[in-house]
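Protein chains in written order, with the numbering used here: chain C, 1 to 209; chain Z, 1001 to 1427; chain D, 2001 to 2197; chain H, 3001 to 3544.
As structure tokens, this is what we get:
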């Protein structure tokens, strides 16, 4: 093992840097807090939001989220690293998540993964040189009836065949699902004004029936 | 599952036109205790894996509580389970209706639907449905015009199997790492935000509208007495029609795979080698054991942990059992939360052994080592905080025990000196 | 406490009356003495012309001056674990540990002093060493003009290693079963406690 | 009180406390890592598992449950029966220890924790002889997580004691657990190092060699150290501590459990505050000045010289022109001896106490997290009063009667020349002689100064006596809450110096060896109220 110590005294966040999170994102994060009894509970939604807007959750973003939710940056760091869906370093524009559960593997999931690696010239957790794709694996995408399957950002590609890969990768819309969405949830952060009808008051309620 | 496959099944209009929210109206007209009694009478056992009766779980809530919280467990991460996904994708309003009934019965005023982060499409479907329900007055300040108020939020997970455990889910909802909590106190006494909390699975809640509508007797009339009600069974792997099918719980694994209205038999040229009948954690069946009944009791006769999620994955005879072993071991090695020693170290050790066996450097003693490690992780209940460790034990143990000849043959066929070479290179 | 069952009572053998004269024994003893006398007078000399001539050591278990070994990269092998200092019954080893300047090692001795005058050459230090860094060589002719000179530092101990690199002093000397056991005449000069028991 | 049965032995203990703690305090050595009585229960190391009797679900008869329970999380209730000596429990412990050691680097020879490491002790007592893992170990890095602390992640057993400490006791929450499963590591947020005034405790509570103190790193192996019970003189809190020393040198201070004062903790200021005792500038010899002539009399002559000089002085001027200034760094016993001597040679002598050093504000822990609605319960306080025995000296002055002055009053009167003879005690670790005080040096015909370091007063004094650091003395300190606590002598004074207590004992006219206990007995004869001291109950070593 290496006995060189990693220096944790060095700051990774420039204290003078301009804020990373836009006013809209901040407001939206704070609006989540009304749903829960503790501010901290809004951490996961906040991380999702930040990752969706910035592509990843950087150190500075962690500090800013911590300040918003009245917790320590270390708490954010702690929670964030537990979940495989959040990353602290930039990834490609589209993240391909290949399922490696048993159903998928029995039906050729590993071959799909290998083909993708060869095609994109990257290893797992790598990002292609054009910054277009990143490749990760996930234990199960709960799409076992469509095995082997893979997820590109939001879109689940089912019954992926090796021959289909080129077609899927070439498709510009391969990461979007076309469906009606909730106005409450998917409204862009800036326009965020309406909350689920009652979200501001209900948590103060303590009596029942 | 009556609305699956119906065009526009996700919209409120279609759902209402097919008799939706009738049960909720009925339930809200009743006394809360009467609803609990009805569910108890239906002997609705939790569909999430453990099979604990939902009504009894509600009964644990302290009588003098002022606030109750309801969590809907939609963190379906057990491979190869996908019935909740199907339910949410095609019949979101049924879940919402079930949630309303459960929330009313437990006097909860907030319901959190904890949905795994991999579900994107399903999230949009369900969120849209919730919006519709708010607009139509099924959720919000005055549910169905009564004084009962209910808020419903979706909370998205982010890729952690262990958050499907109810206390892990609660921790995750509180914005912490999803490590299961020590019990007691049970969530019913002190759960989310230290309030009495009920955690129920999507499928369990989806049963509620039917129980309320048609009565407990209808429900108990389906299937064997200890495993009442219809259940969703998932079939995946090299079968003709992988998917999610509803049946009573007296169906056998063989039927599930071979019936034409279900799995539809194996793909041509493939034979069954092994089946994980209840999700990975429950353990494996050999081809000779396919007559096992998919209920809450029978799996124990086949040295399995239980029914689990009733999601069967079929492994065909072309698949090396070492691959299966490694896949299973890796799953637990990656997904252990790392809190309890046995689980943290044991799963990762088993993963390393299984990987080495697959790479062609297995030793005979590795098989015994796997068995012993598995035993040390789940020798007795209570060795770890949650059930993940037991869940990791059963598949490994049953694979090694039931497929030992094949594993031994594979190890015997390795070239001499392979083990030493691999170990030397690795260390 | 020794348990009673482990204690064996031995009776002294009774001597017969001719034996009590001790004459045969005296004669036997004289024979050995005279044989040696004859040998040294006419055949070989037991005396060694030290220092021109070096004594023939039984190197298997001779414990002489210490050395500090170097590792394969020529650095001091010692990891400053203090095990030798702990094991030393006479406290003749003084170590000061420090963070090593190398990336693959955690700790190393900044100072390693060994008082050769205080040392009783029991070999406990080499027994205790987890990395076989300290060893006792076969060198016995250590001299010095002052007590301070006899306290060897790290560099001096390393220099002894450089000088004695060729020989590999045996760790854990094999005490039993050496050629002399049970046959005193076959044994070489016995120096370092070659007690066969 | 509840009666429980552990391994067939009946035990009486407080209801509601964890079974583990009850067992540990009663002498059972139960292996445990994550449990610490001062922290919340995590029950994650699964090492303290036990069997428990439960009513059988069908017959309702009490029988051993087919389940293991963590002893740390099971509260004591009357009639509880548990066992640790069964084969199942032993196998569980054995396998658990194997799991713990799977990825451990086994670098005990270079690990500072070796000798007081629970991994070593437990694998010896409860573990199996060897690991059966042949695969490569998970290797984690070493991290520099703060100015005082190093983190060796691959020695970690993930007990999270340290994380819980920073969250629950310090309230600063620097430490966190990152990653998941076998990859998880303790870490800090980069750029937010572990740097709170209580961080040193994480090293103490770490049951293995994962968190190490940079200050002590590589200095000594712990088995060479001798521990002596003492009291921290850093502030008026008076934490119970253990002084670890070897070869007459202090190497580190560790907190000692004291339920009335500091529980299990101490602050960094106290922990690293012993360095002045090793300062080479300390006064180590008594000195006598006659005009320009300086001599260093032997200690044997000192009592007579001092006594003679004071008596001479009282005869020449008057008894009420004598003053003794006591220091809040003195032990109560030492101060009593000095008062006794002064009042003997000059019954009307005035008494005063030297300045009480105050720095900053009192700091309470846990710190309130940002945005917290209310202050959490205070679990530890660092006081602004940076001396150990103000209360003790005040009590003495109170019972001694006669003229008692404040330091200000003394300074004023002394500046006017009201006193002709003075005995001034210093002993402050930091420079304490202010400008005004320095001027007083020339105002006395006879000045005896007892101090650690040279200053303006010692320069002016006719007799200079070396003061000793508290680790070289014994006696008792009275803390801010009025609790008198004894401390023992850990090391000898530097060559040439003598313990304050000893020379004061001799100057006061006693013969033989000074000891705090002996003087307390003498004090009891004079004033009974001063002699009660509180000693924290010792806890068994295995209850770490």
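For every residue, glycine included, the Cβ atom is placed at its ideal position computed from N, Cα and C.
Leaving out five residues before and five after residue i in sequence, what residues of the same chain have Cβ atoms less than 8 Å from its Cβ?
{"i": "residue 3459 (chain H)", "result": "3441"}
{"i": "residue 2982 (chain H)", "result": "Because chain H spans 3001 through 3544 in this model, residue 2982 (chain H) falls outside it and cannot be assessed."}
Which residues does DSSP list as the beta-bridge partners of residue i?
{"i": "residue 1270 (chain Z)", "result": "In the DSSP output, where bridge partners are listed per residue, residue 1270 (chain Z) has none listed."}
{"i": "residue 1198 (chain Z)", "result": "Z:1070"}
{"i": "residue 3352 (chain H)", "result": "H:3325, H:3405"}
{"i": "residue 3633 (chain H)", "result": "What is shown of chain H runs 3001 to 3544, which leaves residue 3633 (chain H) out entirely."}
{"i": "residue 1236 (chain Z)", "result": "Z:1313"}
{"i": "residue 2109 (chain D)", "result": "D:2097"}
{"i": "residue 3243 (chain H)", "result": "H:3228, H:3253"}
{"i": "residue 2135 (chain D)", "result": "D:2067"}
{"i": "residue 3213 (chain H)", "result": "H:3149"}
Is it the case that the Cβ atoms of residue i and residue j are separated by a distance below 9 Å?
{"i": "residue 1407 (chain Z)", "j": "residue 1353 (chain Z)", "result": "no"}
{"i": "residue 1075 (chain Z)", "j": "residue 1112 (chain Z)", "result": "no"}
{"i": "residue 3491 (chain H)", "j": "residue 3450 (chain H)", "result": "no"}
{"i": "residue 1238 (chain Z)", "j": "residue 140 (chain C)", "result": "no"}
{"i": "residue 1042 (chain Z)", "j": "residue 1309 (chain Z)", "result": "no"}
{"i": "residue 2093 (chain D)", "j": "residue 2115 (chain D)", "result": "yes"}
{"i": "residue 3455 (chain H)", "j": "residue 3433 (chain H)", "result": "yes"}
{"i": "residue 2057 (chain D)", "j": "residue 2112 (chain D)", "result": "no"}
{"i": "residue 2135 (chain D)", "j": "residue 2067 (chain D)", "result": "yes"}
{"i": "residue 1262 (chain Z)", "j": "residue 1293 (chain Z)", "result": "no"}
{"i": "residue 3570 (chain H)", "j": "residue 3163 (chain H)", "result": "Here chain H comprises residues numbered 3001 to 3544, so residue 3570 (chain H) is not present and cannot be evaluated."}
{"i": "residue 1098 (chain Z)", "j": "residue 1244 (chain Z)", "result": "no"}
{"i": "residue 1084 (chain Z)", "j": "residue 1166 (chain Z)", "result": "no"}
{"i": "residue 3208 (chain H)", "j": "residue 3306 (chain H)", "result": "no"}
Taking C-beta pairs closer than 7 Å, name the residues in chain H that residue i reaches, listed in chain order.
{"i": "residue 2097 (chain D)", "result": "3218"}
{"i": "residue 82 (chain C)", "result": "3180"}
{"i": "residue 235 (chain C)", "result": "With chain C covering 1 to 209 only, the question about residue 235 (chain C) has no answer from this structure."}
Could you list which residues in chain D have their beta carbon closer than 7 Å to that of residue i, in chain order?
{"i": "residue 3109 (chain H)", "result": "2079, 2081, 2083, 2130"}
{"i": "residue 3155 (chain H)", "result": "Within 7 Å Cβ-Cβ: nothing; residue 3155 (chain H) doesn't reach chain D, min ~11 Å."}
For residue i, go through chain Z and note every residue whose CB falls closer than 7 Å to its CB, in chain order.
{"i": "residue 3187 (chain H)", "result": "Neighbours of residue 3187 (chain H) on chain Z: none; closest Cβ ~13 Å, over 7 Å."}
{"i": "residue 140 (chain C)", "result": "1077, 1079, 1080"}
{"i": "residue 85 (chain C)", "result": "1117, 1158, 1159"}
{"i": "residue 90 (chain C)", "result": "Chain Z residues near residue 90 (chain C): none, gap ~18 Å exceeds 7 Å."}
Just confirm the distance between the C-beta atoms of residue i and residue j, as a whole number of angstroms; I'd bet it's less than 8 Å.
{"i": "residue 90 (chain C)", "j": "residue 126 (chain C)", "result": "Not confirmed; about 12 Å, so no contact."}
{"i": "residue 3110 (chain H)", "j": "residue 2106 (chain D)", "result": "5 Å"}
{"i": "residue 1141 (chain Z)", "j": "residue 1149 (chain Z)", "result": "5 Å"}
Counting only the same chain and skipping the five closest in sequence on each side, list residues whose C-beta sits under 6 Å from that of residue i.
{"i": "residue 3285 (chain H)", "result": "3296, 3496"}
{"i": "residue 2194 (chain D)", "result": "Because residue 2194 (chain D) carries a pLDDT of 36, less than 50, the predicted location of this residue cannot be relied on, and the following value inherits that uncertainty. Around residue 2194 (chain D): no qualifying Cβ."}
{"i": "residue 188 (chain C)", "result": "Reliability of the predicted coordinates at residue 188 (chain C) is poor, the pLDDT of 40 falling under 50, and the value obtained from them is presented with this limitation in mind. No residues qualify anywhere along the chain."}
{"i": "residue 5 (chain C)", "result": "none"}
{"i": "residue 1419 (chain Z)", "result": "1361, 1363"}
{"i": "residue 147 (chain C)", "result": "103, 104, 107"}
Output, in chain order, the set of chain H residues within a Cβ distance shorter than 8 Å of residue i.
{"i": "residue 77 (chain C)", "result": "3176, 3178, 3187, 3189"}
{"i": "residue 1381 (chain Z)", "result": "3066, 3067, 3068"}
Kindly list the residues whose CB is nearer than 7 Å to the CB of residue i, restricted to its own chain and excluding five residues on each side of it in sequence; keep chain order.
{"i": "residue 1157 (chain Z)", "result": "1075, 1114, 1115, 1116, 1117, 1163, 1172"}
Run through chain C and tell me which residues come within less than 7 Å of residue i, C-beta to C-beta.
{"i": "residue 1174 (chain Z)", "result": "38, 40, 41"}
Find the residues of chain C that neighbour residue i, judging by a C-beta separation of less than 9 Å, and give them in chain order.
{"i": "residue 3197 (chain H)", "result": "Result: empty, since nearest Cβ-Cβ is about 17 Å, beyond 9 Å."}
Name the chain Z residues whose beta carbon is nearer than 9 Å to that of residue i?
{"i": "residue 181 (chain C)", "result": "1124, 1127, 1128"}
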